[in-house]
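To keep things clear, I will list the structure first and then write my remarks on it.
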Amino acid sequence: KVKAIANLYGPLMALNHMVQQDYFPKALAPLLLAFVTKPNSALESCSFARHSLLQTLYKV
């Protein structure tokens with residue numbers, strides 16, 4: 010069984026960094042946007058990291 014991660018700050022900041030790299034497929038940005046903009050209490054608990062990732066995804 011898979012356990013949910015309690016704090017998503019680290020994974021979101023890692024995604025934020027990866028999205029800015031040349032190796033990241035830019036075609037995946039809309040897919041990530043769909044997941045990150047969906048209402049989710051785990052994402053809302055780390056709003057700064059979520060907001061940073063959203064800003065980066067909209068720039069890509």
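Residue numbers (the numbering used here): 10 to 69. Where is the CB? At the ideal position from N, CA and C, for every residue including glycine.
Looking at the unbroken alpha helix (DSSP H) that takes in residue 44, where does it start and where does it end? Counting from 1 along the sequence shown, the entry for residue 44 is found at position 35. Per DSSP, residue 44 belongs to the alpha helix (DSSP H) from 38 to 46.
DSSP state of residue 49, grouped into three classes? Residue mapping note: residue 49 aligns to position 40 of the sequence shown, counting from 1. Looking at residue 49 - three-state DSSP - the assignment turns out to be coil, as it is neither helix nor strand.
Quick one: is residue 62 buried, meaning 16 or more other Cβ sit within 10 Å of its Cβ, or exposed? Here residue 62 refers to the residue found at position 53 of the sequence shown. Buried is the call here.
Pick out whichever of 51, 32, 31 has its Cα sitting closest to the Cα of residue 21. Sequence index remark: in the sequence shown, residue 21 carries index 12 (1-based). Among 51, 32, 31, the Cα nearest to that of residue 21 belongs to 51.
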